[in-house]
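Quick note: the sequence shown uses our numbering, first residue -14, plus one each step.
Since the structure comes first, as structure tokens, the remarks are kept for the end.
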Amino acid sequence: MLWDGCGRNTSKGRRNRENRKGCDKITGGAGILLTTVVGSYPSQPSKPRNWREKLLKILGSYDPYKHAIKIAVKDQVKAGIDIISDGQVRGDMISIFASKIPGMKVDNSTSKIISRILPPQNPIGAQDLRFSKKIIKKLGGKQEIKGIITGPSTLVYSSRIEGFYDPEDKKRAIMDMAEALKREASYLEEAGASMIQIDEPFLSTGIVNIKTAKKAVKRISDVIRVPVALHACGDIKEVFEDLLKFNVDIIDCEFAGNPNNLEIVKGAELKNKKVGFGCIDTKSQKIETIEEIKRFIKKGIKIIGEEKIIIDPDCGMRKLPRDVAFSKLKNMVEAANAIQDNSQ
Ligand SMILES: [Zn+2]
């Protein structure tokens, strides 16, 4: 199997490109429809359930989120997803990072920048990624796992600037954030992430400086050897052409909840980029049937091309009931498999 999206330019040039070890690991290629998730999964932390966990709690080292990660990983493996996530169970996409990156803090659920943003001394998500890999292995699964970071522009625009930076000019804060996230992305890659996904939901809002956002994403993707995806939310009409110029391998967008996005992609020159094709609506609790999803994926293939399409949900699934999220993923995989079987 072949990952043909390896032509991402890097400032490190050939050396970096030749080292892109993920390229042959994560695959698409003729007749193969790769499935993945965007990230979050509805899975709750739990109280200690056996004597060992109770003892750990007494010792102060019980981690209630491990159970949540286990459920998220098990469900995704059971649904048959090829590249899973750890479920992003520790909190929302802003506070997970704002509570760990030096220079930031979370105050009354508000993310704040209080001093100069610096790279984290310790990994934020690498431990959970390693734990997820262990669970996959225990289950005998062949799944790969992605490392996920919230993008520098989204993190800065979601935070109140109270120190060091000029609140009116976010550029410097965004580039410092990129430096910090570059470190975290490397930690995730070292921990065994098969791809890195940068979530930038703010890109489609129209309030972000796209030039700075692009520069900041490049700062991260330049040092990453595995494939890099950029996830944008919502209506991409105003930004898709710009997103295609970002130094990433995959542009991931929602199409089920925003079918007009297909028209935008239709007229675009994708070049060597793949498209993450959000084909189940994560804002709706309605479980799409396999037939419905099949029809929609086929529409996507016609426009994007079989070799460039990656199948996933529109967005994170945190807000859905767990049984609904699972059924949606399962039907999505079955739909992708049915199309794949027919084309081989
Ligand atoms: Zn999204």
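Just so you know, even glycine gets a beta-carbon here, dropped at the ideal spot from N, CA and C.
In this structure, DSSP gives phenylalanine 225 a helical state, which the three-state scheme calls helix. At least one heavy atom of ligand 1 lies less than 7 Å from the C-beta of proline 186. Residue Val193 holds the alpha-carbon nearest to the alpha-carbon of aspartate 154 among Asn246, Asp113 and Val193.
Within a 10 Å sphere around the beta-carbon of serine 206 sit 16 or more other beta-carbons, which makes this residue buried. Residue side-chain check: histidine 52 keeps its Cβ at 7 Å or more from all non-hydrogen atoms of ligand 1. Each residue's CA atom was taken as its position, placing serine 269 and asparagine 316 some 15 Å apart. Around the CB of lysine 55, 16 or more other CB atoms lie within 10 Å, so the residue is classed as buried. Within the same chain, Cβ atoms closer than 6 Å to the Cβ of isoleucine 159 are found at Pro137, Ser138, Val141, Thr197 and Ala201, the five residues on either side in sequence being excluded. In terms of CA proximity to isoleucine 295, Glu239 leads the group Glu239, Pro33 and Thr95.
C-alpha of asparagine 245 to C-alpha of lysine 131: approximately 28 Å in a straight line. Distances taken from the Cβ of cysteine 300 to the heavy atoms of ligand 1 include one shorter than 7 Å. Beta-bridge annotation (DSSP): methionine 89 is paired with Ile98. Short note on valine 22: C-beta not closer than 7 Å to any heavy atom of ligand 1.
In chain order, Tyr150 and Asp151 place their CB closer than 8 Å to the CB of arginine 157, counting only its own chain and leaving out the 5 sequence neighbours on each side. Going by DSSP, isoleucine 282 is part of no beta strand (DSSP E) but of the alpha helix (DSSP H) stretching over 275 to 289. In the DSSP annotation of this structure, the continuous segment of the alpha helix (DSSP H) that includes aspartate 113 starts and ends at 111 to 124.
For cysteine 264, the CB stays at least 7 Å from every heavy atom of ligand 1. In the DSSP assignment, threonine 197 falls outside any beta strand (DSSP E) and within the unbroken alpha helix (DSSP H) covering 195 to 206. In the displayed model, glutamate 239 falls within a strand according to three-state DSSP.
Contact between proline 298 and valine 22 holds: their C-beta atoms lie close to 6 Å from each other, under 8 Å.
Nearest C-alpha to glutamate 147 among Thr95, Glu129, Ser31 and Glu175: Thr95. DSSP places leucine 44 within a helical segment (H, G or I) once states are collapsed to three. Just so you know, the alpha carbons of glycine 252 and alanine 321 end up roughly 24 Å apart. At a Cβ-Cβ threshold of 8 Å, glutamine 128 and valine 62 count as neighbours.
With fewer than 16 other Cβ atoms from the protein chains shown falling within 10 Å of its own Cβ, glutamate 276 counts as exposed.
Of Lys203, Glu273 and Gln182, the smallest CA-CA separation from isoleucine 235 is found for Gln182.
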